[in-house]
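What the sequence shown shows, in my numbering, is residues 23 to 152, in sequence order.
Glycine residues also receive a C-beta, built at the ideal position from the N, C-alpha and C atoms.
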Amino acid sequence: MAAAAAAPLTPFPGVASLADQLDKKVLILLRDGRHLVGIMRSFDQFANLVLEETFERRVVVSKSGGAAYGDIPLGLYLVRGDAIILLGEVAPELEASDAHPTAVSPEDILRLEETCQDAETAALGLSDDA
23 MAAAAAAPLT
33 PFPGVASLAD
43 QLDKKVLILL
53 RDGRHLVGIM
63 RSFDQFANLV
73 LEETFERRVV
83 VSKSGGAAYG
93 DIPLGLYLVR
103 GDAIILLGEV
113 APELEASDAH
123 PTAVSPEDIL
133 RLEETCQDAE
143 TAALGLSDDA
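Shown next, in the form of structure tokens:
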């Protein structure tokens, strides 16, 4: 009976696929619901990541179906591996397409978030005065 061939060893077992994302623009969904976009510069065996030129992407979808997003700059960022839910490469051609949400300034996206939150609160009959 012949012995089974051993699988090739990778330098970082369990996170080898992260090596493909080095020096690429990635979007990360965190456990707390935030979306971070930045250039992945480094990672370790726990999938902790170092992101450069990072910003938090906030998306607002209106009831009419339109969507807008704003990027709030954060700079150099360290993300704990246990906080990551999803990581994927950002495709520049998709960001430039008409199907992509409209980009707005950080001030505008914060204003839109506040407006939508106020509308939801009013629709539920809730207020801060209670």
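Problem - Reduced DSSP category for Pro-95 - H, G, I as helix; E, B as strand; rest coil - result: As a working mapping, residue 95 is identified with position 73 in the sequence shown. When secondary structure is reduced to three states using DSSP, Pro-95 falls in the strand class.
Problem - Of the residues Leu-116, Asp-42, Glu-111, Asp-130, the one placed nearest His-57, counting alpha carbons only - result: What you label residue 57 is simply residue 35 of the sequence shown in a count that begins at 1. The shortest C-alpha separation from His-57 is found at Glu-111.
Handout entry: Arg-102 versus Arg-133 - alpha carbon distance
Key = Position 80 of the sequence shown, counting from 1, holds the residue named residue 102. Position 111 of the sequence shown, counting from 1, holds the residue named residue 133. Distance between the alpha carbons of Arg-102 and Arg-133 is about 29 angstroms.
Exercise for the section: Please classify Leu-40: does DSSP put it in a helix, a strand, or coil? Expected result: Counting from one through the sequence shown, the residue named residue 40 turns up at place 18. Three-state result, Leu-40: helix.
Problem - Gly-92 beta carbon less than 8 angstroms from that of Asp-130 - result: Locating residue 130 in the sequence shown gives position 108, where the first residue counts as 1. Locating residue 92 in the sequence shown gives position 70, where the first residue counts as 1. The answer is yes: Cβ separation under 8 angstroms.
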